[in-house]
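Here the structure comes first, spelled out in structure tokens, and everything after it is commentary.
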Amino acid sequence: MADLTCAPGIHMARVGPDIVLLDTAADRYSALPDLGEEIDPAPDGSVQASSAIAEALIALGLAVPGRPTPPRRAARPPRRELVPEPSREPTAIVRAAAILVASGLRFRRSTLPTLLGPVAHGIPTEAGERLEPLVAAARAAWPWIPLEGECLQRSFQLRSLLARHGWPVDWVFGVRTWPFAAHCWIQLEDRVLNDSLDRVLRYTPILTV
């Protein structure tokens, strides 16, 4: 088996017998059916492949020789979910809504590579128990926000809100096959913040930012 690294912007995951690819520059998923025994991708961006397959992956621009330096970010396996009490703080909801609206507008003007870029973090003003009220305020504000989006937009918005308050979270993208589906969510350590644990466990992570 040859040691490879996913090419820049390319991410791979093995789902059963298949390999799923995400090209972030093209904002496109594709699949290599029945090659799960020939290609073994890891969350850190490393890939092991048989010599013939390795040559093909390199020729197609999907991988480069060698191990990743540095390794890519990988989320911890999710084991818990956050279920906050409904927010009853109007001021907190309004403040969250303002950030969600602003980040929602950025979302609609941006490409996927831009959305996945680094995010500036504020300085936490209080201890960790402030996480739950922030998420609760976001959940209360979302139904009132125009142009409400699906998982990609909501995860981007929540990541922006939490970053503003100093929370370094993981934005996790996952895939499944037969039928194919892609999903994403926000995680802090092993806790899912904006989805149910049961749902995200149906997906194999392919990218974490």
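UniProt numbering numbers the first residue of the sequence shown as 1 and each following residue consecutively.
Note that beta-carbon positions come from the ideal geometry of N, C-alpha and C, so glycine has one too.
What are the partner residues of residue i, as DSSP defines its beta bridges?
i	result
E81	V192
V20	A13 and A31
A182	V175
Could you check what DSSP says for residue i in three-state terms: helix, strand or coil?
i	result
F107	helix
V47	strand
P146	coil
S30	strand
I58	helix
A140	helix
V64	strand
R176	strand
L207	strand
A120	coil
Would you mind reading off the limits of the beta strand (DSSP E) that contains residue i?
i	result
A13	I10 to V15
T114	T114 -> not in any beta strand (DSSP E); alpha helix (DSSP H) instead, spanning L112 to L115.
A2	A2 to C6
Taking C-beta to C-beta, are residue i and residue j nearer than 8 Å?
i	j	result
V20	A26	no
P78	D190	yes
Q153	A75	no
V135	L193	yes
Taking 7 Å as the cut-off, does the CB of residue i come closer than this to any heavy atom belonging to the ligand ADP?
i	result
V47	The ligand ADP is not among the ligands present in this structure, which contains no ligands whatsoever.
Stretch-stretch touch, CB-based, cutoff 8 Å, three pairs: the region 147-164 with the region 93-108: yes
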